[in-house]
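The sequence shown runs 118 to 360 under my numbering. Beta carbons are placed, not taken as given, at the ideal position from N, Cα and C, and that holds for glycine. Keep in mind it's a predicted model, so treat the numbers as computed, not measured. As structure tokens, the structure follows; a few thoughts come after it.
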Amino acid sequence: MTSFDEWLIHAMSRLDIHSPLFVRAAVTLAEFDLTRGLPLVTLLWWIWFRPERRIGAQGEAARRHARELVIAAIVGGLIALAIGRLLAHELPFRLRPIFEPQLHALYPPPNAKVLLPRTWSSFPSDHAMLWGAVATAILFASRPAGIYALLHVIVLICLPRLYLGLHYPTDLLAGLALGACIACLVNVPRIRALVSKPVLAFAECCPGLFYGAAFLVSFELATQFDELRLLAFGLTHIGHYAQ
């Protein structure tokens, strides 16, 4: 734990906001996809379908640009999520603050531990990386929507996880910074055009298949691929369960 982590954790503990209602609200925000990733995924759909005032070639170019930004947001988010989980696996293990014995008194009652297994490393926060990348990408498409998205990530995704002891402050800050950097990299015009070209071609030639696949990707993105991850975990441990 860094000195900054220690200072901020103790500063938050002095607020003494541990009422059952407040704790339940924080757990709900941390658990529910409806208050976590779904609003940002909804913004991506809005950007994809929003009306374009310009007509003709200019309107078509603007519409294509907006859709390139949506594709870049999803690709950047997926890259951020993959890198976040890779870093958590490869970097030295960092125990989550709620599991640190010396910090127990500073956090809400331990029923919040059900949110995450003890064996998952704390650094970096994959939530912050994924949604930080998506929010930054939304900022490229719409400043008002991007500002809302960034505030949503900070207030409704990161702060509850900090309050519940699921992450240290530096886990979240590093995740946000890495996610934002990945989004900026994917939105370099040449890279964005490269990743979006085959997707847009697929959307034009097979719209039914494309939007069906887009729905599935949206669902998995909003839930952070939790079901697929649990399925993969079960398959890799099937031999253990069979014994």
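Query                                                                                                                                                                        : Result
Taking 8 Å as the cut-off, decide whether the C-beta atoms of L267 and A250 are in contact.                                                                                  : no
Of all the alpha helix (DSSP H) runs that stay within the bounds of the segment 318-346, which reach a length of 4 or more residues?                                         : 324-339
Does the segment 273-287 come close enough to the segment 323-334 to have 3 or more Cβ pairs within less than 8 Å?                                                           : no
For T340, which residues of its own chain have a beta-carbon under 6 Å away from its beta-carbon, when the five flanking residues on both sides are left out?                : D150
Quick check on this structure: which residue in P209, I196 and Y280 has the alpha carbon closest to the alpha carbon of D243?                                                : I196
Could you pull out every residue in the same chain whose Cβ sits closer than 8 Å to the Cβ of R181, ignoring the five residues on either side in sequence?                   : L317
Look at the alpha carbon of I271 and the alpha carbon of F166, and state the distance between them as a whole number of angstroms.                                           : 26 Å
Do A300 and G201 have their CB atoms nearer than 8 Å?                                                                                                                        : no
Between the segment 155-170 and the segment 328-342, can you find at least three pairs of beta-carbon atoms closer than 8 Å?                                                 : yes
The alpha helix (DSSP H) with Y265 in it runs from where to where?                                                                                                           : R260 to H269
If you compare alpha carbons, which of A147, L138 and V140 is closest to A245?                                                                                               : A147
Less than 8 Å between the CB atoms is what I'm expecting for L247 and G296, so what's the real figure, rounded?                                                              : 7 Å
Would V231 be called buried (16 or more neighbouring beta carbons within 10 Å of its own) or exposed?                                                                        : Because V231 carries a pLDDT of 46, less than 50, the predicted location of this residue cannot be relied on, and no value is offered for it.
Leaving out five residues before and five after A258 in sequence, what residues of the same chain have Cβ atoms less than 8 Å from its Cβ?                                   : I164, A183, L186, V187 and A190
Measuring straight from C-alpha to C-alpha, what distance separates V303 and S136?                                                                                           : 42 Å
Check for me: the alpha helix (DSSP H) holding W162 runs from which residue to which?                                                                                        : L155 to F166
Which residue comes first and which comes last in the alpha helix (DSSP H) that contains R202?                                                                               : G173 to E207
Could you tell me the distance, in whole angstroms, from the CA atom of F121 to the CA atom of K314?                                                                         : 44 Å
Taking just the CA atoms, how far does F319 sit from R211?                                                                                                                   : 42 Å
Grouping DSSP H, G and I as helix and E and B as strand, with all else coil, what is H284?                                                                                   : coil
Determine the closest residue to E217 out of G282, V305, P306 and A331, with distance taken between C-alpha atoms.                                                           : G282
How about P214 and Y285: do their beta carbons lie closer than 8 Å?                                                                                                          : yes
Considering only their Cβ atoms, is the gap separating A179 from Y280 smaller than 8 Å?                                                                                      : no
Give me, in chain order, the residues of the same chain whose beta-carbon lies closer than 7 Å to that of A331; leave out the 5 immediate sequence neighbours on both sides. : none
Please identify the residue among F240, V312, A262 and G329 whose C-alpha is closest to the C-alpha of G292.                                                                 : F240
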